[in-house]
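Counted the way this note's numbering counts, the sequence shown spans residues 6 to 371. Don't be surprised by glycine CBs; every beta carbon is placed ideally from N, CA and C. Quick caveat: nothing in here was measured; it's all calculated off a predicted structure. Step one of this worksheet: look at the structure below.
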Amino acid sequence: MKRRILIVVMLLGAVVPALGQERGRPWKRGALRLEEFAITAAAGREKSHLDYGIAYTTSGTTEGMNTYLYCRTTAMMYPTSSWIGEGYVNESELNYNQVLFDLVEVYRRQMQQEAILLNKRVQYEALLATTKNHLDREIQVVQAATEMGRDSLALERIRVKNREWLNANPGSHPEFTPLSYWWTLGIEGGATFSTGDVGKIITPSIGATGYMGGLGWGRHGLYFSVLSAASMARDSVIDFSGNLVLPVMSRTDVTLLSYGYTLFDRMLFSITPYVAIGITNMDSEMDWYFGTSYTFGVMGHYHLHHWHYIKDGAKGKARRFTPSVMGKLYVSYTDMDQDGKGLTIGLQFGLSVGMRRESVAWMNEL
């Protein structure tokens with residue numbers, strides 16, 4: 006899975022550029038500790054100060070020929086600008102700041118849930134500004150309701166409320182499981198060269214033509230193909246007058262059932278190794294041969310379409326009609342029982358079209 010971070014914007018009381026922001030301490034690291042705060046003189050009614058923020062990154066995850074866009078959010082506190090006043094360095098003051106920090110995480114998760122529905126940077130920034138305003142007002146409400154943490158009963162009620170909400174709403178983590186099914190049809194042509202007993206029966210062919218079809222799910226595919234090759238038979242024919250007649254045309258038909266797994270799948274190009282079993286029928290004016298073929302090959306596609314971006318709420322969907330230039334290189338072993346055995350090497354080129362339907366199942370993770 007390949008990831009690219011496009012932009013980082015952080016919130017610290019106001020929306021400011023990320024590059025000018027100090028490194029924050031994420032909420033998911035665990036409970037706050039006293040050593041994470043500076044110790045300084047108290048200011049007015051404030052016994053302590055928590056500098057908090059919500060950071061987000063907009064990223065793109067490339068999976069095959071698609072890029073899935075998402076926003077990943079993180080609740081932060083900034084140790085160098087957070088402080089506890091002298092004379093208040095105790096667990097009670099730390100718990101008060103933890104309640105505020107939990108509230109930041111509540112709003113972070115709410116923002117994450119809404120961000121999944123968006124796919125533009127300007128929309129993320131507007132959502133961040135809205136979240137900031139609501140969070141700042143809620144922090145002020147908590148400070149007033151708890152008298153800056155002095156009312157322990159009110160603080161405990163808010164702490165329990167925050168924890169219940171967090172437990173009931175696990176954070177949305179923008180990872181996905183790609184789900185796709187597809188079909189493809191193609192025509193192909195190329196050359197074949199045979200060795201062994203098969204090579205003794207027919208000459209190499211440069212006129213092999215055929216067609217193929219396939220059905221698949223994700224990177225797995227089943228293919229059905231028929232390949233016909235015209236060549237010269239190496240046998241001699243003597244007519245009724247005793248004259249030697251050469252050459253004799255031979256036709257080879259190969260019907261294959263293949264399984265392929267796409268190892269490399271990118272925006273414009275894919276590579277799929279495959280194995281196949283099939284039936285080989287060689288027919289000339291003199292004789293008829295029948296055998297079983299076992300094939301290993303590599304199939305490549307150059308896709309003639311643009312990069313697709315998928316983003317549609319909790320589940321992205323796309324339907325794509327895809328024309329491609331196709332190439333195959335394969336080795337086939339043919340067993341004709343009493344008529345012998347042999348290898349056939351083939352190189353094919355062709356055109357294919359296909360339809361792919363894709364969706365993205367988003368997973369929730371704290």
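Bounding residues of the alpha helix (DSSP H) (the contiguous stretch that carries W170):
Run containing W170: S157 to A173, per the alpha helix (DSSP H) assignment.
Please state the DSSP three-state secondary structure of F106.
Of the three classes helix, strand and coil, the one that applies to F106 here is helix, per DSSP.
For the segment 220 to 228 and the segment 194 to 206, state whether three or more C-beta atom pairs, one from each stretch, are separated by less than 8 angstroms.
No, they do not touch.
Alpha carbon to alpha carbon, how far is F326 from S357?
When rounded, the distance between both Cα atoms is 11 angstroms.
Out of E51, E110, T62 and Y101, point me to the one whose CA is closest to E91's CA.
Residue E51 is the option with its Cα nearest to E91.
Own chain partners of G305 with C-beta closer than 6 angstroms, once the 5 adjacent residues on each side are dropped
Once the five neighbours on either side are set aside, the close Cβ partners of G305 are I276 and G332.
Report the option in D258, S263, H308 and W187 whose CA atom is closest to the CA atom of M360.
Among D258, S263, H308 and W187, the Cα nearest to that of M360 is on W187.
Once DSSP output is grouped into helix, strand and coil, what is the label at R77?
In the three-state reduction of the DSSP assignment, R77 falls in the strand class, which pools E and B.
Whole angstroms are fine: how far does the CA of I59 sit from the CA of A23?
In this predicted model, A23 has a pLDDT of only 38, less than 50, meaning its place in the structure is not dependable; the value taken from the coordinates is given anyway. Straight through space, the alpha carbons of I59 and A23 are spaced by roughly 11 angstroms.
Assigned secondary structure, N138 (DSSP; H/G/I helix, E/B strand, else coil):
Of the three classes helix, strand and coil, the one that applies to N138 here is helix, per DSSP.
Which term fits T297, buried or exposed, when burial requires 16 or more other beta carbons within 10 angstroms of its beta carbon?
That one is exposed.
Less than 8 angstroms between the CB atoms is what I'm expecting for I44 and I89, so what's the real figure, rounded?
Indeed, because the Cβ distance is near 6 angstroms, the residues count as touching under 8 angstroms.
From D156 to Y83, what does the alpha carbon distance come to, in whole angstroms?
Approximately 25 angstroms, taken between the alpha carbons.
Helix, strand or coil: which one does DSSP assign to K52?
K52: coil per DSSP, three-state reduction.
Tell me whether T373 is buried or exposed, calling it buried when 16 or more other Cβ atoms sit within 10 Å of its Cβ.
Past the edges of the chain, shown from 6 to 371, lies residue 373, and the structure says nothing about it.
I need the DSSP call for N286, collapsed to helix, strand or coil.
Reduced to three states, the DSSP call for N286 is strand.
Tell me the residue span of the beta strand (DSSP E) that contains S210.
Annotation: the continuous beta strand (DSSP E) that includes S210 extends over S210 to W222.
Kindly list the residues whose CB is nearer than 6 angstroms to the CB of D3, restricted to its own chain and excluding five residues on each side of it in sequence; keep chain order.
In the structure as shown, the chain starts at 6 and stops at 371, and residue 3 therefore has no counterpart that could be examined.
S87 versus L123 - alpha carbon distance:
In this structure, the CA atom of S87 is about 32 angstroms from the CA atom of L123.
Of the choices L133, M81, T135 and D340, whose alpha-carbon is the least far from that of V372?
It is not possible to answer for residue 372, since the shown part of the chain is limited to 6 through 371.
To the nearest angstrom, how far is it from the Cα of P175 to the Cα of R114?
C-alpha separation (whole angstroms): 8 angstroms.
C-alpha distance - S210 paired with T197, whole-angstrom precision
Taking the CA atoms as reference points, S210 sits about 5 angstroms from T197.
Short of 7 angstroms in beta carbon distance, which residues of its chain neighbour Y307, apart from the five on each side in sequence? Order them along the chain.
Scanning its chain for C-beta atoms nearer than 7 angstroms, with the 5 sequence neighbours on each side dropped, one finds around Y307 the residues L273, F274, S329 and V330, in chain order.
Under the three-state reduction of DSSP, which class applies to Y314: helix, strand or coil?
With a pLDDT of 45 at Y314, under the threshold of 50, the modelled position of that residue is not reliable, and the figure given next carries that caveat. If DSSP states are grouped into helix, strand and coil, Y314 belongs with the strands.
According to DSSP, what are the bridge partners of G201?
The partner list for G201 (beta bridge, DSSP) is empty, contrary to what the question assumes.
Simplified DSSP assignment, three categories, for Y299:
DSSP, read as helix, strand or coil, puts Y299 in strand.
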